[in-house]
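Q: Going from the sequence shown to the numbering used here is simple: count from 1 and add 600. We put the beta carbon where it would ideally sit given N, CA and C, even for glycine.
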Amino acid sequence: MSEIKPDAAIPIRPGEELPIPALEAYLNAQILGFGAITQVTQFPGGYSNLTYALDTAERAYVLRRPPFGAKNIKGGHDMGREFRILSLLAQAGYRRVPKVLSFCENETVMDCPFYLMERVQGVILRGKHGGKANLPVETMQRLSETLVDALVDLHAIDLQSSGLINIGKPEGYIQRQVVGWSERYRKSQTDEIADMEQLSAWLQANMPAEEAPSLLHNDYKYDNVVLDQDLNDIIALLDWEMATIGDPRMDLGTALSYWVEPHESDFEKQFNLTWLSGNLSRQEVLERYEAKSGKKVNNILYFYVFGLFKNAVVIQQIYYRYKQGFTQDERFALLIWGVRALSEKGVKALASGTI
């Protein structure tokens, strides 16, 4: 059995409270027998969409809403789209998604769209567990292999029969992503960082040809999967905010960009546990992905560097919201150093030619 307890919610952060009476009235109109909300807490992980635990006398639910102050970020935090993707995956028989129950786009209930889903009870390995997790080397090796295998399974979902082909436009996806994330960086920029400019220019000048599309999660890492209590299986994959259709190397590159190795920075280690003994290395992740998928992955350095750049832009956007006063969450105060760390890592990868 794991020594890590199932993921627990905490008291709501100041300024991120929910309007309980309006929410309760709406959900009772939508869900038969919903009843009275007895407790609302907040999951502490994540820096983007906000996730809450809602308890009633009968059931446990999870509510997802955009972050406060996010309306100025065009195209992000689309709750309706996230709800639809989860619905299509469930209809296609994909077992690693929570059951979604209700989507609300009426902003008179709250100040934003939101959706409700069932709560999946299990273990989430977060960076905060660090060396305190006391997880055996064999367990971490098995989990890292399972994580890779589940990504291969995700990329193998049939886009046509599932209807997921309609959630994105695969043609020109690489170009749109590279140009789009470069534009997002410029719009949220607060500091002059030469490495970010270098990465943006290199990515735009060296785009590879696209390959056959698949479903992309686009935020694939340990703290977005729910494990069973024995740490043998992934029972749910969470946080589908950035999921779309496109070249699967984009998804693999992003996953590799999250994959921190033992010699790398403490900033990165606080977000992922891939540095613990027993985990595959990034090169071993690539090799297992190729073996399980039966496909050779070309130009992986490009997609790894793009993943680092994209993650740096995501952090920059969050830091921008903090600097603009849209959130008081003090976790965000030092995130600019994360932008510097990831962009420096990307430049070093280009110099070495390795992931």
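Using beta-carbon positions only, say whether Leu650 and Arg665 come within less than 7 Å of one another.
A: As a first step, residue 650 must be located in the sequence shown, where it is residue number 50. As a first step, residue 665 must be located in the sequence shown, where it is residue number 65. Yes, the pair counts as a contact, with Cβ atoms nearer than the cut-off.
Q: Can you tell which of Ala801, Lys728 and Thr641 has its C-alpha closest to the C-alpha of Phe906?
A: Sequence index remark: in the sequence shown, residue 906 carries index 306 (1-based). Phe906 has its Cα closest to that of Ala801, out of Ala801, Lys728 and Thr641.
Q: Consult DSSP for Leu725 and reduce its assignment to one of helix, strand or coil.
A: Counting from 1 along the sequence shown, the entry for residue 725 is found at position 125. Correct three-state label for Leu725: coil.
Q: To the nearest angstrom, report how far apart Ile673 and Leu935 are at their CA atoms.
A: One-based indexing of the sequence shown puts residue 673 at position 73. One-based indexing of the sequence shown puts residue 935 at position 335. The predicted position of Ile673 is uncertain, since its pLDDT is 48 and thus under 50; a value taken from the coordinates is nonetheless stated next. Roughly 18 Å separates the two Cα atoms.
Q: What separation, rounded to the nearest whole angstrom, lies between the Cα atoms of Ile767 and Ala690?
A: Here residue 767 is taken as the residue at index 167 of the sequence shown, counted from 1. Here residue 690 is taken as the residue at index 90 of the sequence shown, counted from 1. Using only the alpha carbons, I get a separation of about 15 Å.
Q: Is it true that the CB of Asn872 sits closer than 7 Å to the CB of Lys959?
A: No answer is possible for residue 959: the residues shown for the chain start at 601 and end at 955.
Q: Ignore the nearest five residues each way along the sequence and tell me which others in Asp847's own chain have a CB closer than 7 Å to its CB.
A: As a position in the sequence shown, residue 847 is number 247, starting the count at 1. Around Asp847: Tyr773, Ile774, Glu810, Glu811 and Pro813.
Q: With burial defined as no fewer than 16 other Cβ atoms inside 10 Å of the residue's Cβ, what is the status of Arg719: buried or exposed?
A: Numbered from 1 along the sequence shown, position 119 holds the residue referred to as residue 719. So Arg719 counts as buried.
Q: Select from Ser893, Phe643, Phe668 and Phe634 the residue whose C-alpha is nearest the C-alpha of Glu658.
A: The sequence position of residue 658 within the sequence shown is 58, counting from 1. For Glu658, the nearest C-alpha among the options comes from Phe634.
Q: Report the option in Phe643, Val709, Phe683 and Val697 whose CA atom is closest to the CA atom of Asn628.
A: For the purposes of this step, residue 628 is taken as residue 28 along the sequence shown, with counting starting at 1. That would be Val709, whose Cα lies nearest to the Cα of Asn628.
Q: If we count the other Cβ atoms within 10 Å of its Cβ and call it buried at 16 or more, is Leu735 buried or exposed?
A: Your numbering for residue 735 matches position 135 in the sequence shown. Counting Cβ neighbours within 10 Å, Leu735 comes out buried, since at least 16 surround it.
Q: With a threshold of 16 other CB atoms inside 10 Å of the CB of Trp956, please say whether the residue is buried or exposed.
A: Only positions 601 to 955 of the chain appear in the structure, and residue 956 is not among them; the question remains open.
Q: Are there three or more Cβ pairs, one per stretch, closer than 8 Å when the stretch 827-843 is compared with the stretch 744-755?
A: Touching, yes.
Q: So, at 6 Å on beta carbons, what are the nonlocal neighbours of Gly675 in its own chain, with the 5 sequence-adjacent residues on each side left out?
A: As a first step, residue 675 must be located in the sequence shown, where it is residue number 75. Here Gly675 scores only 49 on pLDDT, less than 50, and its place in the model should not be relied on; the value that follows carries that caveat. Correct list: empty, nothing qualifies.
Q: Could you please give me the residues that DSSP links to Asp655 through a beta bridge?
A: Residue 655 sits at position 55 when you count from the first residue of the sequence shown. In the DSSP output, where bridge partners are listed per residue, Asp655 has Gln639 and Ala660.
Q: First and last residue of the beta strand (DSSP E) that includes Phe572?
A: There is simply no residue 572 to check, as the chain begins at 601 and stops at 955 in what is shown.
Q: Could you name the residues that DSSP lists as bridge partners for Ala962?
A: Residue 962 cannot be examined here, being either before or after the span of the chain that is shown, 601 to 955.
Q: Determine the burial state of Trp781: buried for a count of at least 16 other Cβ atoms within 10 Å of its Cβ, exposed for fewer.
A: Working through the sequence shown from its first residue, we reach residue 781 at position 181. Answer is buried; the Cβ neighbour count reaches 16.
Q: Compute the beta-carbon to beta-carbon distance between Leu827 and Gly730, rounded to the nearest angstrom, for a pair I have assumed lies under 8 Å.
A: To locate residue 827, count along the sequence shown from 1; it is residue 227. To locate residue 730, count along the sequence shown from 1; it is residue 130. Incorrect: roughly 17 Å between the Cβ atoms, too far for contact.
Q: Does the pairing of the stretch 881-898 with the stretch 909-918 give three or more beta-carbon distances under 8 Å?
A: No, the stretch 881-898 is not in contact with the stretch 909-918.
Q: Of all the options Ile900, Glu792, Glu841 and Asp833, which has the alpha carbon lying nearest to the alpha carbon of Ser943?
A: The residue given as residue 943 occupies position 343 in the sequence shown. Ranking Ile900, Glu792, Glu841 and Asp833 by Cα distance to Ser943 puts Glu792 first.
Q: Rounded to the nearest angstrom, how far is the Cβ of Gln642 from that of Glu616, given a contact under 8 Å?
A: The count along the sequence shown starts at 1 and reaches residue 642 at position 42. The count along the sequence shown starts at 1 and reaches residue 616 at position 16. About 7 Å separates the two Cβ atoms, so the contact holds.
Q: Taking Asp819 as the reference, give the member of Tyr785, Leu747 and Pro862 with the closest Cα.
A: Numbered from 1 along the sequence shown, position 219 holds the residue referred to as residue 819. The candidate whose alpha carbon is nearest that of Asp819 is Leu747.
Q: Three-state secondary structure (DSSP) at Phe634?
A: As a position in the sequence shown, residue 634 is number 34, starting the count at 1. Reduced to three states, the DSSP call for Phe634 is coil.
Q: Where do the ends of the alpha helix (DSSP H) carrying Val885 lie?
A: As a first step, residue 885 is located in the sequence shown; it is residue number 285 there, counting from the start. Val885 -> alpha helix (DSSP H) spans Arg882 to Ser893.
Q: Counting only the same chain and skipping the five closest in sequence on each side, list residues whose C-beta sits under 7 Å from that of Leu950.
A: To locate residue 950, count along the sequence shown from 1; it is residue 350. Trp802 and Val905.
Q: How is the alpha helix (DSSP H) around Gly846 delimited, first residue to last?
A: Here the question's residue 846 lines up with position 246 in the sequence shown. Not the alpha helix (DSSP H): Gly846 falls in the beta strand (DSSP E), residues Thr844 to Gly846.
Q: Could you have a look at Gln777 and say whether DSSP puts it in helix, strand or coil?
A: Counting from one through the sequence shown, the residue named residue 777 turns up at place 177. Residue state, collapsed to three classes: helix.
Q: In this structure, how does DSSP classify Gly675 when only helix, strand and coil are distinguished?
A: Position 75 of the sequence shown, counted from the first residue, corresponds to residue 675. Unreliable placement is indicated for Gly675, whose pLDDT of 49 sits below 50; no coordinate value is reported for it.
Q: Tell me whether Leu618 sits in a helix, a strand or coil according to DSSP, three-state version.
A: As a position in the sequence shown, residue 618 is number 18, starting the count at 1. Three-state result, Leu618: coil.
Q: Would you mind working out which of Leu815, Thr656, Asn899 and Met850 sits nearest Gly763, comparing C-alpha positions?
A: Within the sequence shown, numbered from 1, the residue matching residue 763 stands at position 163. Answer by Cα proximity: Leu815.
Q: Taking the C-alpha atoms as reference points, what is the distance between Gly853 and His817?
A: Taking the first residue of the sequence shown as position 1, residue 853 is located at position 253. Taking the first residue of the sequence shown as position 1, residue 817 is located at position 217. Between Gly853 and His817, the C-alpha separation is close to 12 Å.
Q: In the structure shown, what three-state DSSP assignment does Met601 receive?
A: Translated into positions along the sequence shown, residue 601 becomes position 1. With a pLDDT of 43 at Met601, under the threshold of 50, the predicted position of this residue should be treated as unreliable, though the coordinate-derived value follows. Coil at Met601, not helix or strand.
Q: Alpha helix (DSSP H) containing Val752: first to last residue?
A: As a position in the sequence shown, residue 752 is number 152, starting the count at 1. Here the alpha helix (DSSP H) through Val752 covers Val737 to His755.
Q: Short of 7 Å in beta carbon distance, which residues of its chain neighbour Val913, apart from the five on each side in sequence? Order them along the chain.
A: Taking the sequence shown and counting its residues from 1, the one referred to as residue 913 is at position 313. These residues qualify, in order along the chain: Trp781, Arg784 and Tyr785.
Q: Could you give the residue range of the alpha helix (DSSP H) that holds Ser952?
A: Reading the sequence shown from its first residue, position 352 is the one you call residue 952. Looking at the DSSP string, the run of the alpha helix (DSSP H) that includes Ser952 is Ile936 to Ser952.
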